[in-house]
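There are 2 protein chains.
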Amino acid sequence: MPVNDDVFAALANPSRREVLGILRDGPRAAGEIADRFDMRRPSLSEHLRVLREAGLVREERQGRNRVYSLEAGPLREVSDWLSPYEQYWRGKLADLRDLLDEEEF
Amino acid sequence: MPVNDDVFAALANPSRREVLGILRDGPRAAGEIADRFDMRRPSLSEHLRVLREAGLVREERQGRNRVYSLEAGPLREVSDWLSPYEQYWRGKLADLRDLLDEEEF
DNA sequence: TTGACATGTAGGAAATCTCCTACGTATTGT
DNA sequence: ACAATACGTAGGAGATTTCCTACATGTCAA
Chain A
345 MPVNDDVFAA
355 LANPSRREVL
365 GILRDGPRAA
375 GEIADRFDMR
385 RPSLSEHLRV
395 LREAGLVREE
405 RQGRNRVYSL
415 EAGPLREVSD
425 WLSPYEQYWR
435 GKLADLRDLL
445 DEEEF
Chain B
345 MPVNDDVFAA
355 LANPSRREVL
365 GILRDGPRAA
375 GEIADRFDMR
385 RPSLSEHLRV
395 LREAGLVREE
405 RQGRNRVYSL
415 EAGPLREVSD
425 WLSPYEQYWR
435 GKLADLRDLL
445 DEEEF
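The listed protein sequences derive, respectively, from chains A and B.
So the number in my numbering is just where the residue sits in the first sequence, counting from 1, plus 344.
So the number in my numbering is just where the residue sits in the second sequence, counting from 1, plus 344.
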């Protein structure tokens, strides 16, 4: 299972992460989203394109609005990528490992 | 709790994610890591610097080697950022949602 | 001490990112 | 039909990323 680079790249920008956070409250028109940012609309439009191409949002045309909604599926890839690392910060395994590492050096 | 932008930025690069994967098997000298990549050493050195500044690896000097080890702590921030989205792909809510989405198209 | 080794730093080229100001294209209301 | 609205696209400036080729620095071995 190759990790989708576009997803990680999309998340690298804080504004794009914020867009996803906004969409957790439900679908929003492009303009509504843009109003929340201190940035010109075309710039936000570009961010939406990046998110769309990473499959993280879906666009639906409603009249003269474009309503965006969250498509969280690809985030699972991030979660999956992350999971082998969880043991390093959770539970007793991590504690044990930390102890061993310290003694090793 | 602000999300550390450096961590997400560090993960945006596939080579850097691969470095972290290598270090999951244990500490490695900079050169050993570099040997695994089709890239000149100074470039890898730069990636290691980015990872170091994001707090994702630790450098320890041993003779003329610099041994890098995984510092997974900051990945927890990513995991925490991700957690509000989990409900969208896990459990009954996700199943129902997936079903509805499939019928829609 | 001298040479080989391990690795970072300097500086630069090319590509990419992130923002901007116009401008184009639908859609809606009058 | 016409103006206003909503939003994307084009094109470009400036910053940043990602790679490179030298080169500097510190360590080890003879």
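All C-beta atoms, glycine included, are put in the ideal place defined by N, C-alpha and C.
What do you get for residue i, buried or exposed, if any count of 16 or more other CB atoms within 10 angstroms of its CB means buried?
i: Arg385/B; result: exposed
i: Glu404/B; result: exposed
i: Glu415/B; result: buried
i: Arg360/B; result: buried
i: Arg372/B; result: buried
Taking CB distances under 9 angstroms as the criterion, tell me whether residue i reaches chain A.
i: Val422/B; result: yes
i: Val347/B; result: yes
i: Arg361/B; result: yes
Please list the partners that residue i has in chain A, where partner means a Cβ-to-Cβ separation under 7 angstroms.
i: Ala353/B; result: Ala356
i: Gly417/B; result: Trp433
i: Pro428/B; result: Arg368
Is residue i close to chain B, meaning its C-beta is less than 9 angstroms from at least one C-beta of that chain?
i: Gly365/A; result: yes
i: Arg410/A; result: no
Hey, would you say the C-beta of residue i is under 8 angstroms away from at least one heavy atom of the ligand SAM?
i: Val351/A; result: Among the components modelled here there is no ligand, and therefore nothing to report on the ligand SAM.
Going by DSSP in three states, residue i sits in which element: helix, strand or coil?
i: Ala373/B; result: strand
i: Ala450/B; result: Since the first residue of chain B shown is 345 and the last is 449, residue 450/B is not available in this structure.
i: Arg384/B; result: coil
i: Val347/B; result: coil
i: Arg396/A; result: helix
i: Ala353/A; result: helix
i: Arg368/A; result: coil
i: Arg434/A; result: coil
i: Phe449/A; result: The pLDDT assigned to Phe449/A is 40, lower than 50, so where the model puts this residue is not dependable, and the model offers no usable value.
i: Pro358/B; result: helix
Starting from residue i, find everything on chain B with Cβ-Cβ shorter than 9 angstroms and list it in chain order.
i: Leu414/A; result: Tyr429 and Tyr432
#### Entry: Completely contained alpha helix (DSSP H) runs for the stretch 399-428 of chain B, where each covers 4 or more residues
none
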